[in-house]
Each structure stands twice: as structure tokens, then as C-alpha cells.
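Protein chains in written order, with the working numbering: chain A, 8 to 408; chain B, 533 to 955.
All C-beta atoms, glycine included, are put in the ideal place defined by N, C-alpha and C.
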């Protein structure tokens, strides 16, 4: 296999069989559909939505408030680069010291793979991602392309600033679509997204068991699907999955319980490699993971203020936010305890400065209690599968029960 | 404090060498008072640390006029990494920092972090952090917070937008919160009359710096490499709001004026005028840029830190002073100006400098830590194409000479100039 030439979710990329291949034992139609939704960008749910006249707005990061997009009658879609084969177009605009995730996303946009979206919204998060907005606005014909100025701290003045930014986003969507997004629509959207969060917490609750009924790879597929289809449909399917998992046979033959900590990881195959070596992934602190659903948005009061407060103060922060290091390490520590984690695998996309320091700080704080493996990766990682297996094997040998 | 004392000794030796150099060029003579001033600053920090007087870690883009007005000595932890690149032992330090943070985190931040973690810097009374323009700064200050849990730290939160009233109002409020933070933790009060005095001296320096920058538009350029970044250091670090800084700039302007009147340039046969769009790396200054001038008649007419689009601050009221400081911090100071917000400032600066300074070519060094700028290298190239000037990006480390060696960089320049028909 050569890196970059193998589509992300194609059959030939399935991880090599390891010593303890694990799989979710239950047969679930919902899980099958979730897995399919992850394999392409314009997946069946998105295509069906568009065929009914629906529109989609892509967003770059968990700090972009999905609820406002939903309240506008649109489907929020988290940017990713499923089935990307290379960066030959985006490399003309970016450089070889830029994050491979961003390069692949932009490459797909330049190829026309994002033609299904009506708009794209960025928050001014990392250096790589925010510059994709600058390039995208000039080079991709998306009808609406917006940036939001995300604060770097979480005190009250920043909540007020962020509320104003949310109001600006709302206004921009209203103007573009010729609609009004009322407070009632916002409250309805918040309820729907809170329902998603509640259901995802139920799913994760099952993973606390000594024999969880679902693999980490499959949970990641569910999480990615949650960012790639209409929320009501997702919620309905997740309820079906939870029903299917009731009483399902659990996974017992694993060597250690693992937590993944890091940023944007949207490839279940990566988790599969870890799990096939015997490291059952039981929880995480990730962008497409617990950080987006561990708490709920307040459903009372002014909805924009409730959203601003939740996105900035209440949801577990990522290392882009300056004054939350202590809370982040507490969140990880609490997760380790609740999910009976034996070891943490910290994954980082190469050139990500936030996670360079965050993994250093977490390792330093937690090493006395919980073994910590730091792994660097590229967005397309198929060519490094051997190295990944070796490092995971070695790590599991040190922590296995 | 070991690194600090070592650095102070290095500057003492530099200053000694400069002051006994006879028949030296003006450039060299100009550096002597700067070297002396660096020692004085470091001495002051060492004294404060030993005697328990308050001092800060902070940065040029954190409204340093306020620190001066509050009589709070301050130093920039990253300046040492920049200047240290010319000293023996630097690469060993870089290598050691790799083992803590890996190789793709900005070398300046890595080395700065290493010195903190190894207790080689004096522990300040407080830190006023700069958490922009790049991602690396946030992590660096988070690390400082963990290492020094008892040192209070404040950061002004920067809005992403360009020059709108809402953003300015927000940042003015952040600066005022910074003042409250300093009054609480450093035990000094900000007196508005004193702030006015400091800003008025700073304004004099800026005005002279602007004059100097205009003189560099002349063909041939009166001075070469190095002075532009020295001017930045003088105005925004060592002599913020200080009358000695005014005198330094008067000498600089007088010398440049004389050369322009006499139509004398740094290089006798100036053939290429370069815009170096980043910090000039200390370890290359006496090698690459000397070679460029001698071999190609190529002068670095302007660089990112020498570009002076500063406004004079209106000192008529407390509000106008805070607004002026906020505007300077967000929209005028180098690197922050370009990298903090949307890409437009990168592109408009290229356009402005190319036109004003009659630039023949633009060079983006592509420092390994400047990832946001490197993510718009295509847009920069297109802007240069529109302006009809060649563009080159190198790929280097401004703080580690081994990443791309000076010989490799010279080869790149040779190829570039030859293909583009320059020189």
C-alpha cells in the first residue's frame, strides 16, 4: 500500500488482522447505515435530504454552533476528507508544513467534492484551518463562506463577544436564505441537539461495562455520522441502535481498556487497528467524540446566550482555548476513572501545535496514574499501519491486564 | 537565571567589541548603544529578581508603553532564542527541546519553553501573555502557567476582525483589564500623565522611524540588511517611550538622509531590491545577506519587522490613548498585524511594500513555525504575479541553521535570480 493512493474507507484499507480482532457482535441495520454514512461525503442521508430540496452547510470545527445552522432549516455537516486520494491541487496553495487534514479537505473542495454544500462556516481556530477559509473564499465557489471570531479565553467578556458572533452568523444565514430564525426555532434546534447529546451519552454509558457491546471503531462511525446527516434522522437511528445493543453480547477478549485523546479523528479504521491488537477503545476526549456531547445546552433563557455559554464555557474545551488546561486534564482524569481506562493513546496530526503542548502537559500530569502513548499521524495513514501496530502492541504489552 | 546571566555577558562582550572597533561602518556603530541597552535591561531584570522588585515577561504587541509607564521592567522570553541562534551551544539546546516537544513546534517557542522548564529564566512577578498570532503561543503560555502555578498570567483576547469599531472597543476593554491585572499583581498604579509622557516619546520614535523607512525607498537604498530589525528592537523593545531611543533614531535618520542626498547606497551597484517577508534570522545576517549584497548587488530593502505602518497615538485623553494602543497592538505591529486575522494583511502588505520600495522580488522564508502564513503561500504568489514581481518561498528555520543550511539557501537564491533574470 502506498500512502495517499488508497481511499480512506475502501475495502483494501481494512486493517491487517491482529492478534485479537474485535467486532461488535450485534447485527444492527442502524449501525450499518451509520458506517455507510461515514464512507463518503455526500452520503445517502445527505443525498436524500438534498433531493427533497434541503440544503447543507459545512463547518470546520466543534466551536461552530450547529444549532444555528439547524434552526435555519439546514443540515450542519462537519468538514472531512473521506475517500481523499491526495493533495495535488491544495499543495499549490498550502505548503508541506501544513496539516494534512486541512490539505485533504481543501483538495476535495478544489476537486468539486463539496459542491453539495450551500455554505461553509469556519471558526478562527487553528492556523491551518482558518487559512483554508482564506483560500476557499477565493478559489471555491461556495455561495456562502463565513468566518467567526472565536475567543481564546472563556471569561464573561468573551461569552458576550461570542454571543455577538453567533448573532452575526444567524443574521448572515437569514440574509442569504431570505428567512427569519426566530428564538423559538433556535430553542427547538437546541432541544434536538440536546437529544443527540443525551442519546450519545447513553451509548457511551454502555462502554463503561466490563464487556462493552460495541467497539470503539463502530462508536467512531456513529460519531462521524452524527456530524453528517439530519439530526432528527440521526437521533431516530441512534435510538434503534441503542435498542439493538440492549442485552447484546459484550466484547470480553481484550487486553486493555484504552482512551483516545486528540483532535479531529474521523477514520474508524484507525481505531480498528488499535482494537485488533487488543486495545479496546472505551472512551475518548476528541473533537468527534465526548467533547461535543458530554453536557447539554441550557434550554431556558435567551437561546443565543445559552449557546454562547455552552460552546465557550460549558463544553469540555480543546487546547485552542487558553485558560482551560486544568479543566481539560480533570476531564481526562474523570474519564479514566469512569471508564476504567488502563492506558491513554494521545493522537496528534503532524504540525498541530496545540496538541504538541497538550500531550506534553497531559503526559506530565497523568503519567504517574495512567500510562500514556503519544502517536503522531497524517490524515491518510495507511502507509504507516505497520508502525502504528508495532507501537500499539508495545504499549498494550506494558498495560495489559 | 543562568541563561539570563549568560546572555547579559554575551551582550557585554558584543558591546565591548563594537565600541573598540575603529573605522567601523555606521551600521556597526549603531549597534553599540543597542548592545549596551540590552545589557541594561537584563541587569535590571536580574536586579529585580534578586531584590524582590516586580518585573514581567511580556511582548512587544502587549502595549509595552503601559509597562514603562508603570515602571515595570519586562523581558521577552523568546528574544533569547532569536539572538541565541548565533551562539555556540544553541543547536544542542534546540536538539534537547526536540525531546520534549518534537520537531515541528516553532524552534523559538521550544527553546523558550525548555529554558523555563529547566529553571534557566528568572521567575517573573506576572506574565502578560501574547496568545496570538500563531497557535504555538497558546501552548507556550499554558506550559508557563503549569510550570509557574503561582505566577499570575493574563492575556488580552484578540478579535479576528480588521479595524472595526466593535473589535477595537473589545480590545480596549481587554487592555484596561490588563492594567487592572497589573495593578493588582505588580503593585504599581498606572498614572495617565506618565502614560502620556511615555506615549509621546514613543510617538517621536515612531515618527522618526517612519522618516527612516521613507528614506529606504530611495534607489539605491542607503542602508542594507539588519538595521530594519534593529529599528524594530529599538522602538518596540529596548527603548519603548525612552528619550535615548529618540536620539538613536535621530542618528539613524541623519545618516540615511546624508546618504540619500549623496545618492550613495549600501551596495555600490544595487541591482536587486528584496522584500524579506519575515524576521531576518540572526544566524544568517552575517553570511547570507552579506553574500547577497556582494555577489548579486541584492539589498534587503524592507522586511516584515522593519515595515512601519504605525500611526501616532492621540494623547489628548485616556480613551484616545487606549484606542491608539489597541490599534497599534492589533493592526500595526509586525507578525501580529499579518498573521492574527484574515489573509488580507499579508497580501496588502506585499502590495504596499512592492510599490513603495520599488521591490524586484518578494521572499517568503517559510519559517517552520509560521504555519498560517505558509498556508497562503499560493495566494502570496498570485499577488506577486499580479504585481509583476517574482516570488520565492524557501522553507527554513529562522532559529536553527541546520534545517536549511546557508549554502542551500544561497543555491536557491542563485537559481531564483538566474531563472527570473534578476541581477
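Would you please verify whether the beta carbon of residue i is less than 8 Å from any beta carbon of chain A?
i: residue 691 of chain B; result: yes
i: residue 858 of chain B; result: no
i: residue 867 of chain B; result: no
i: residue 666 of chain B; result: yes
i: residue 671 of chain B; result: yes
i: residue 989 of chain B; result: Nothing can be reported for residue 989 of chain B: it is not among the residues displayed for chain B, which extend from 533 to 955.
i: residue 853 of chain B; result: no
i: residue 633 of chain B; result: yes
i: residue 906 of chain B; result: yes
i: residue 674 of chain B; result: yes
Determine, using beta carbons only, whether residue i comes closer than 8 Å to chain B.
i: residue 249 of chain A; result: no
i: residue 111 of chain A; result: no
i: residue 165 of chain A; result: yes
i: residue 168 of chain A; result: yes
i: residue 394 of chain A; result: no
i: residue 121 of chain A; result: no
i: residue 370 of chain A; result: no
i: residue 12 of chain A; result: In this predicted model, residue 12 of chain A has a pLDDT of only 39, less than 50, meaning its place in the structure is not dependable enough to derive any value.
i: residue 361 of chain A; result: yes
i: residue 184 of chain A; result: no
i: residue 104 of chain A; result: yes
i: residue 358 of chain A; result: yes
i: residue 159 of chain A; result: yes
i: residue 142 of chain A; result: yes
i: residue 118 of chain A; result: no
i: residue 154 of chain A; result: yes
I need the DSSP call for residue i, collapsed to helix, strand or coil.
i: residue 120 of chain A; result: coil
i: residue 171 of chain A; result: helix
i: residue 11 of chain A; result: Confidence at residue 11 of chain A is low in this model, with a pLDDT of 33, below 50, so the placement of that residue should be treated as unreliable; the coordinate-derived value is given next. Reduced to three states, the DSSP call for residue 11 of chain A is coil.
i: residue 269 of chain A; result: strand
i: residue 55 of chain A; result: helix
i: residue 115 of chain A; result: helix
i: residue 378 of chain A; result: coil
i: residue 208 of chain A; result: helix
i: residue 931 of chain B; result: coil
i: residue 660 of chain B; result: strand
i: residue 939 of chain B; result: helix
i: residue 398 of chain A; result: helix
i: residue 287 of chain A; result: strand
i: residue 767 of chain B; result: helix
With distance defined between alpha-carbon atoms, name the residue in the options nearest to residue i.
i: residue 579 of chain B; options: B:567, B:605, B:565 and B:712; result: B:605
i: residue 734 of chain B; options: B:614, B:949, B:837 and B:770; result: B:770
i: residue 843 of chain B; options: B:731, B:582 and B:712; result: B:731
i: residue 603 of chain B; options: B:772, B:694 and B:533; result: B:772
i: residue 801 of chain B; options: B:828, B:807 and B:581; result: B:828
i: residue 685 of chain B; options: B:901, B:792, B:709 and B:537; result: B:709
i: residue 920 of chain B; options: B:891, B:932, B:729 and B:935; result: B:891
i: residue 931 of chain B; options: B:590, B:592, B:635 and B:582; result: B:635
i: residue 666 of chain B; options: B:871, B:946 and B:576; result: B:871
i: residue 217 of chain A; options: A:175, A:237, A:208 and A:263; result: A:263
i: residue 320 of chain A; options: A:170, A:376, A:52 and A:307; result: A:170
i: residue 572 of chain B; options: B:543, B:839 and B:583; result: B:543
i: residue 104 of chain A; options: B:954, B:928 and B:946; result: B:928
Is it the case that the CB of residue i approaches a heavy atom of the ligand COA more closely than 7 Å?
i: residue 149 of chain A; result: The ligand COA is not among the ligands present in this structure, which contains no ligands whatsoever.
*Which runs of the alpha helix (DSSP H) fall wholly inside the stretch 539-613 of chain B and span at least 4 residues, in chain order?*
558-583 and 596-601
_Any beta strand (DSSP E) of 3 or more consecutive residues that is wholly inside the stretch 291-363 of chain A_ = 350-356
*Identify each residue in the stretch 807-829 of chain B for which the Cβ-Cβ distance to at least one residue of chain A is less than 8 Å, and report them in chain order.*
none
*Which runs of the beta strand (DSSP E) spanning at least 3 residues fall entirely within the stretch 121-158 of chain A, listed in chain order?*
126-130 and 151-155
*Sequence ranges, beta strand (DSSP E) only - wholly within the stretch 771-854 of chain B, length at least 3*: 804-808 and 830-835
*Along the chain, which unbroken stretches of the alpha helix (DSSP H) at least 4 residues long are found entirely within the stretch 63-91 of chain A?*
73-78
*When you check each C-beta in the stretch 913-942 of chain B against every C-beta of chain A, which residues fall closer than 9 Å?*
913, 914, 925 and 927
*At which residue ranges does the stretch 674-739 of chain B contain complete alpha helix (DSSP H) runs of 4 or more residues, listed in the order of the chain?*
697-718
*Write down every uninterrupted run of the beta strand (DSSP E) in the stretch 861-905 of chain B whose length is 3 residues or greater and which is fully enclosed by it, in chain order.*
893-896
*Could you please tell me which residues of the stretch 272-305 of chain A, in chain order, have their CB closer than 7 Å to any CB of chain B?*
none
*Which of the residues in the stretch 635-658 of chain B, read from start to end, lie with their CB under 7 Å from any CB of chain A?*
636 and 637
*Proximal residues, the stretch 81-92 of chain A versus chain B, C-beta separation under 8 Å*: none
*asked:* Along the stretch 335-352 of chain A, where does the CB come closer than 7 Å to a CB of chain B? Name the residues.
replied: none
_By the 7 Å beta-carbon criterion, what residues does the stretch 887-898 of chain B contribute toward chain A?_
898
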